[in-house]
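In the numbering used here, the protein residues as written are 75 to 452. Ideal placement from N, C-alpha and C gives every residue a C-beta, glycine not left out. Owing to the predicted nature of the structure, the values given are computational and were not obtained by experimental measurement. To start, the structure under review is shown below, and the notes come after it.
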Amino acid sequence: MQIADAVQILDRAFPLGMQQAYDACGFQCGRTSRELLGIMVGLDVNEAMIDEAEQRGCNLLVTHHPLLFHPLHRLGEGTRVERLVHLLLEKGLCAYAAHTNLDAMPTGVNGVVADAWGLVNRQALEPLKAPLRQLVVYVPLAHAEFVRSALFEAGAGVLGNYGEASFGVQGTGTFIPLEGANPVLGSMNQRETVEEIRMEVVLESWKVQRVVEAMKRAHPYEEVAYQLISLEQSAPSFGLGVVGDLPQTMQAQDFLALVGKTLGCPLRHSNLVANSTISPRNIGRIAYCGGAGADLWPKAKSAGAQAFITSEIKHHHFLDAGDEMLLIEAGHAETEIPAIKRIQAIIQPFFSTFAVLQTNSLQNPAQYFSLRNENYGS
Ligand SMILES: [Zn+2]
């Protein structure tokens, strides 16, 4: 398998259509005509990870953060990114990123922590804007089930927790095969009348190409009549952050302990004493956004969350939201490191004959220093 083939598989596992407009998900750099040797997953491409990949026989690095995020106008040696790109290319490695598309997947960055806490009634904190399409296709009655199954197999017809959702109404279609046509039904230059089903399914925008191709393969007609319509609705499970209910309510202190244990880092949080709205300070509904999601706190509040966990919370967030909810800040890397294992789990089934390894290199560029732990001042 060439790396280019692996990139195609990854694009399907992490649909690029789910990424935010500012992002740079997908293939990053390297020669994709090379044979794939193995895949290594991590949070960020760094020098240690590149060395490790080379030693452990991996030539495709899949990370959450894109190495090439800001456009490069020159490729010298002046910046960390430039030096890392050189190093990757010199060692014959390729880089690939699953960033805000992984954030938007219900099974992604936020899903992995939501799973750890057993959250139920989950929804995205900020659903992707209008990602839904409606596909309408006219199918002769005898082929309806075959085409419908092909649409479902390609991923159409998912509505929340329901699959294989479709609608069909029977009617009469007409056509005249004209010069150059090669019709399955009817005779040249004569009007043909066929009993057809108008079949309707919804699908997410990133599935359009795959579903339309599957529909055309399954459809008997030479010219398939179909429409693709943009819908105003969003798919509530796809988007940034997650909000849901804990299996049982917890005291704020106990919840803080759970968050610290799951993410494995010290936490900053809003003042529990000043917080008058959490009474009797039980936490039942919570919101989580891996990475820097502090600006989403109003969404967490309107979704009814009593606690919101994210990273890079600023002073003004604590001032504005501290009275509204229990605001909890963990380190940026710590909120996303659990997703490394999830990336591996998502892609391993596609590469059963190749190793998909997690990096052992240090993936957190920030460290903690505590006066108390060092016994300073004693
Ligand atoms: Zn991040």
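Straight-line Cα distance separating residue j from residue i
{"i": "F220", "j": "D394", "result": "56 Å"}
{"i": "G131", "j": "M123", "result": "12 Å"}
{"i": "Q197", "j": "T137", "result": "25 Å"}
{"i": "H391", "j": "Y295", "result": "58 Å"}
{"i": "L146", "j": "V285", "result": "35 Å"}
{"i": "Y442", "j": "G150", "result": "33 Å"}
{"i": "T409", "j": "L314", "result": "14 Å"}
{"i": "V282", "j": "R207", "result": "8 Å"}
{"i": "L259", "j": "V243", "result": "21 Å"}
{"i": "M75", "j": "L111", "result": "9 Å"}
{"i": "I77", "j": "S261", "result": "48 Å"}
{"i": "P354", "j": "K335", "result": "A caution first: P354 carries a pLDDT of 48, below 50, which makes its placement in the model unreliable, though a value can still be read off. If I take the Cα positions, the gap works out to 23 Å."}
{"i": "A429", "j": "A228", "result": "27 Å"}
{"i": "G116", "j": "A440", "result": "16 Å"}
{"i": "L215", "j": "N256", "result": "20 Å"}
{"i": "G254", "j": "L135", "result": "50 Å"}
{"i": "V155", "j": "L233", "result": "41 Å"}
{"i": "L209", "j": "E126", "result": "46 Å"}
{"i": "Q129", "j": "Q307", "result": "48 Å"}
{"i": "L320", "j": "P180", "result": "17 Å"}
{"i": "L445", "j": "A407", "result": "22 Å"}
{"i": "P89", "j": "I303", "result": "20 Å"}
{"i": "T106", "j": "I411", "result": "27 Å"}
{"i": "Q301", "j": "T427", "result": "40 Å"}
{"i": "N438", "j": "A239", "result": "43 Å"}
{"i": "L202", "j": "V186", "result": "19 Å"}
{"i": "V213", "j": "I420", "result": "35 Å"}
{"i": "L161", "j": "E121", "result": "8 Å"}
Contact set for residue i: own chain, Cβ-Cβ below 7 Å, skip 5 residues either direction
{"i": "Q102", "result": "P140, L141, L142, A169, Y170, A171"}
{"i": "T323", "result": "N356, I357, G358"}
{"i": "A374", "result": "L199, V317, A361, F382, M399"}
Residue interval of the alpha helix (DSSP H) (run including residue i)
{"i": "A218", "result": "218-227"}
{"i": "Y301", "result": "In the sequence on display, residue 301 carries Gln and not Tyr. No alpha helix (DSSP H) holds Q301; the beta strand (DSSP E) holding it covers 300-304."}
{"i": "T453", "result": "What the structure shows of the chain is the stretch from 75 to 452, and residue 453 is not part of that stretch, so it cannot be assessed."}
{"i": "V243", "result": "No alpha helix (DSSP H) contains V243, which is instead part of the beta strand (DSSP E) from 241-249."}
{"i": "T409", "result": "406-410"}
{"i": "Q129", "result": "121-129"}
{"i": "V187", "result": "183-191"}
{"i": "N356", "result": "Run containing N356: none in the alpha helix (DSSP H); it sits in the beta strand (DSSP E), 356-366."}
{"i": "V155", "result": "154-164"}
heavy atom of ligand 1 below 6 Å from residue i C-beta
{"i": "E410", "result": "yes"}
{"i": "L315", "result": "First, the residue type needs correcting, since residue 315 is Gly and not Leu in the sequence shown. No - ligand 1 has no heavy atom lying nearer than 6 Å to the Cβ of G315."}
{"i": "G131", "result": "no"}
{"i": "G365", "result": "yes"}
CB-CB length for residue i against residue j, believed under 8 Å
{"i": "G364", "j": "A188", "result": "No, G364 and A188 are not in contact; Cβ-Cβ is about 10 Å, not under 8 Å."}
{"i": "L330", "j": "I402", "result": "7 Å"}
{"i": "A224", "j": "R291", "result": "7 Å"}
{"i": "A309", "j": "E278", "result": "6 Å"}
{"i": "A404", "j": "S435", "result": "Contact flag wrong, Cβ pair sits at about 21 Å."}
{"i": "I271", "j": "A326", "result": "At roughly 55 Å, the Cβ-Cβ gap does not stay under 8 Å, so I271 and A326 are not in contact."}
{"i": "H173", "j": "D97", "result": "5 Å"}
{"i": "L193", "j": "V183", "result": "Rounded, the Cβ-Cβ distance is 14 Å, inconsistent with contact."}
Boundaries of the beta strand (DSSP E) in which residue i is found, first to last residue
{"i": "Q76", "result": "Element bounds for Q76: n/a, residue is neither H nor E."}
{"i": "A288", "result": "Counting along the chain, A288 falls outside any beta strand (DSSP E), though it belongs to the alpha helix (DSSP H) covering 282-292."}
{"i": "F392", "result": "Segment 389-395 is the alpha helix (DSSP H) holding F392; no beta strand (DSSP E) there."}
{"i": "L209", "result": "206-214"}
{"i": "E149", "result": "The sequence given here places Leu at residue 149; Glu does not occur at that position. Run containing L149: none; DSSP gives neither H nor E here."}
{"i": "R196", "result": "194-201"}
{"i": "A381", "result": "381-385"}
Close beta carbons around residue i, own chain, < 8 Å, minus the five adjacent residues each side
{"i": "T248", "result": "R265, E266, T267, V268"}
{"i": "L341", "result": "L330, V333, G334, I402, E403, A404"}
{"i": "T153", "result": "none"}
{"i": "T246", "result": "T267, V268, E269, E270"}
{"i": "P205", "result": "G91, M92, E278, S279, W280, S308, A309, F312"}
Other residues of its chain near residue i: CB distance less than 6 Å, five sequence neighbours each side excluded
{"i": "R118", "result": "Correcting the residue type first, residue 118 is Asp in the shown sequence and not Arg. The residues are T137, H139."}
{"i": "G378", "result": "R359"}
{"i": "H293", "result": "V221"}
Closer than 7 Å to chain B by CB, residue i
{"i": "G378", "result": "Absent from the structure: chain B. Only one protein chain is present."}
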